[in-house]
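Remarks on the structure that follows.
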Amino acid sequence: MAILITGGAGYIGSHTMVEFLNAGRELVVVDNFMNSKPEALERVRKITGKDFKFFQVDLLDKEALDKVVRENNIDSCIHFAGLKAVGESCAKPMLYYHNNITGTLNLCEVLAKYGAKRIVFSSSATVYGNPASVPITEDFPLSTTNPYGETKLMIERILKDIYNADNEWSISVLRYFNPIGAHKSGLIGEDPQGIPNNLLPYITQVAAGRRECLSIFGNDYNTPDGTGVRDYIHVVDLARAHLKAIELAETVTGIDYFNIGTGVGYSVLDIVHAYEKATGIKINYKITARRPGDIDECYANPKKAYEVLGWKAENNIEDMCRDSYNWQRQNPNGYDS
Ligand code: NAD
Ligand code: UD1
Numbered sequence: 149m150a151i152l153i154t155g156g157a158g159y160i161g162s163h164t165m166v167e168f169l170n171a172g173r174e175l176v177v178v179d180n181f182m183n184s185k186p187e188a189l190e191r192v193r194k195i196t197g198k199d200f201k202f203f204q205v206d207l208l209d210k211e212a213l214d215k216v217v218r219e220n221n222i223d224s225c226i227h228f229a230g231l232k233a234v235g236e237s238c239a240k241p242m243l244y245y246h247n248n249i250t251g252t253l254n255l256c257e258v259l260a261k262y263g264a265k266r267i268v269f270s271s272s273a274t275v276y277g278n279p280a281s282v283p284i285t286e287d288f289p290l291s292t293t294n295p296y297g298e299t300k301l302m303i304e305r306i307l308k309d310i311y312n313a314d315n316e317w318s319i320s321v322l323r324y325f326n327p328i329g330a331h332k333s334g335l336i337g338e339d340p341q342g343i344p345n346n347l348l349p350y351i352t353q354v355a356a357g358r359r360e361c362l363s364i365f366g367n368d369y370n371t372p373d374g375t376g377v378r379d380y381i382h383v384v385d386l387a388r389a390h391l392k393a394i395e396l397a398e399t400v401t402g403i404d405y406f407n408i409g410t411g412v413g414y415s416v417l418d419i420v421h422a423y424e425k426a427t428g429i430k431i432n433y434k435i436t437a438r439r440p441g442d443i444d445e446c447y448a449n450p451k452k453a454y455e456v457l458g459w460k461a462e463n464n465i466e467d468m469c470r471d472s473y474n475w476q477r478q479n480p481n482g483y484d485s
């Protein structure tokens with residue numbers, strides 16, 4: 149039996165594929181490359197020395213998806229495929245709702261049709277909105293502030309209703325905190341198109357001389373140094389959490405939710421300093437206005453993931469910075485290098 153990976157050519161999907169292939173799992177991958185490159189899949193083959201089936205399929209094309217599931221002995225799915233840029237989701241809400249929600253509905257219908265009722269879903273800490281306190285546990289109230297976050301929360305609710313209607317499903321909702329870093333080989337990593345929105349890709353491009361100066365969005369937050377605090381997690385640790393989630397899903401039915409973070413909050417300035425320490429490169433920065441929608445602090449209590457999945461993060465912040473830079477240095481223009 150094989151595991152269907154949707155969005156496997158993306159940043160988190162490609163790293164997860166490596167962990168699954170190394171664990172001897174059989175994978176069938178679909179992606180439409182709307183935010184990724186085929187080269188990422190070649191690199192996964194190169195790192196692991198293992199092969200997998202790939203189909204260039206859009207989740208919105210239900211017939212094509214049906215054919216893949218029907219013909220490939222799929223018994224479970226890790227569902228990464230979706231659009232993820234907060235700003236773009238505010239500008240193009242219909243695109244986001246259609247792609248993320250309809251895509252997921254098509255996927256769940258097809259999986260149910262062929263009895264593959266086991267899914268791990270990529271949710272996000274964004275579903276906690278602006279938390280009343282930190283660290284965040286899974287039972288915190290849920291809310292969102294933008295269409296991207298809304299799609300994640302809606303999908304969580306859809307999955308709950310699917311389970312309530314049919315208790316044969318096994319569903320793991322992983323709420324990722326801030327994934328950064330890259331595979332140690334430097335062969336795969338995050339490859340943002342255009343100007344990066346997120347902190348680490350921006351710092352990495354400053355370090356590489358592609359951008360002049362990091363703008364730190366505000367130093368008047370209610371945090372120890374005034375800059376925003378987040379829970380950064382190495383993408384390889386995050387990838388490993390999916391393996392644990394599938395292993396559990398293979399033994400139980402139900403729906404459950406897990407925070408996937410380290411439990412440690414770092415400020416923007418902490419990250420700048422850690423990056424400088426890990427790479428020996430000075431990061432130019434200036435303090436600018438706050439970015440609308442940003443919150444003071446967001447970090448996980450990851451205890452449940454440890455107790456139930458037997459998973460915890462192993463890489464520290466310097467590993468994350470070093471591996472980010474290693475990927476950037478080896479691939480100055482990402483997969484186009
Ligand atoms: P990514 O954009 O690198 O990967 C997503 C992949 O899905 C891309 O390869 C894209 O081409 C593909 N895709 C999108 N829509 C598709 C469709 N309709 N049909 C087929 N393929 C489609 O993103 P990522 O960082 O790897 O994130 C993976 C998942 O994790 C996403 O659902 C994202 O919302 C979620 N997530 C990401 C972060 C983060 O910071 N990276 C944080 C929390 C949650
Ligand atoms: C962002 C998304 C969030 C998503 C998360 C996943 C936004 C508004 N939120 O969260 O929905 O779940 O990624 O990783 O995009 N910063 C700077 N300068 C920069 C970029 C960022 O100072 O150029 C600061 C931000 O203000 C924040 C921190 O760095 O304090 C982290 O920002 P970012 O990497 O964009 O992640 P989040 O905002 O936490």
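Residues in the sequence shown are numbered from 149 upward in steps of one, following the working numbering.
Glycine is no exception: its CB is placed at the ideal position from the N, C-alpha and C atoms.
What I want to know is whether the C-beta of residue i ends up closer than 6 Å to one or more non-hydrogen atoms of ligand 1.
i: I160; result: yes
i: M182; result: yes
i: P528; result: No answer is possible for residue 528: it lies beyond the span of the chain, which begins at 149 and ends at 485.
i: K232; result: yes
i: N463; result: no
i: D206; result: yes
i: F168; result: no
i: G329; result: no
i: F203; result: no
i: Y324; result: yes
i: F200; result: no
i: N481; result: no
i: F288; result: no
i: A229; result: yes
Where residue i and residue j are concerned, what is the direct C-alpha to C-alpha distance, given to the nearest angstrom?
i: I303; j: C446; result: 22 Å
i: S472; j: A313; result: 43 Å
i: T410; j: I419; result: 15 Å
i: K392; j: L347; result: 28 Å
i: L152; j: V217; result: 8 Å
i: N367; j: T427; result: 24 Å
i: R470; j: G329; result: 8 Å
i: V166; j: Y159; result: 12 Å
i: P241; j: T299; result: 10 Å
i: I403; j: T436; result: 42 Å
i: G486; j: K194; result: Beyond the ends of the chain as shown, which are 149 and 485, falls residue 486; an answer cannot be given.
i: H390; j: H246; result: 25 Å
i: K430; j: A260; result: 52 Å
i: D199; j: Q476; result: 25 Å
i: D309; j: E455; result: 26 Å
i: L208; j: P372; result: 45 Å
i: S333; j: G172; result: 19 Å
i: I513; j: N315; result: Given a span of 149 to 485 for the chain in the structure shown, any question on residue 513 remains unanswerable.
i: F365; j: S224; result: 41 Å
i: A140; j: Y405; result: Absent from the structure is residue 140, since the part of the chain shown begins at 149 and ends at 485.
Terminal residues of the continuous beta strand (DSSP E) containing residue i?
i: R266; result: 266 to 272
i: A453; result: From DSSP, A453 is part of no beta strand (DSSP E); its letter is neither H nor E.
i: I153; result: 150 to 154
i: I429; result: Premise fails: I429 is in no beta strand (DSSP E) and is neither H nor E.
i: S224; result: 222 to 227
Ligand 2 and residue i: does any heavy atom of the ligand fall closer than 6 Å to the residue's C-beta?
i: N278; result: no
i: L243; result: no
i: T371; result: no
i: S272; result: yes
i: V177; result: no
i: F365; result: yes
i: V416; result: yes
i: D442; result: yes
i: R358; result: no
i: N346; result: yes
i: G413; result: no
i: G342; result: no
i: G155; result: no
i: R439; result: yes
i: G458; result: no
Along the alpha helix (DSSP H) that carries residue i, what are the first and last residues, could you check?
i: D287; result: Here D287 belongs to no alpha helix (DSSP H), and DSSP marks it neither H nor E.
i: I465; result: 465 to 478
i: H136; result: Residue numbering for the chain in the displayed model covers 149 to 485; residue 136 lies beyond these limits and cannot be assessed.
i: P295; result: 295 to 313
i: L243; result: 241 to 244
i: K434; result: Not the alpha helix (DSSP H): K434 falls in the beta strand (DSSP E), residues 433 to 436.
i: N326; result: Not the alpha helix (DSSP H): N326 falls in the beta strand (DSSP E), residues 326 to 328.
i: T252; result: 251 to 261
Please confirm whether any heavy atom of ligand 4 lies closer than 6 Å to the CB of residue i.
i: N474; result: Among the ligands present in this structure, namely ligand 1 and ligand 2, ligand 4 is not found.
### Task
Would you mind listing the beta strand (DSSP E) stretches within the segment 336 to 419 that are 3+ residues and don't spill past its ends, in chain order?
362 to 365, 380 to 382, 402 to 408
### Task
Go through the segment 175 to 216 residue by residue and report every complete run of the alpha helix (DSSP H) that reaches 4 residues or more, in order.
186 to 196
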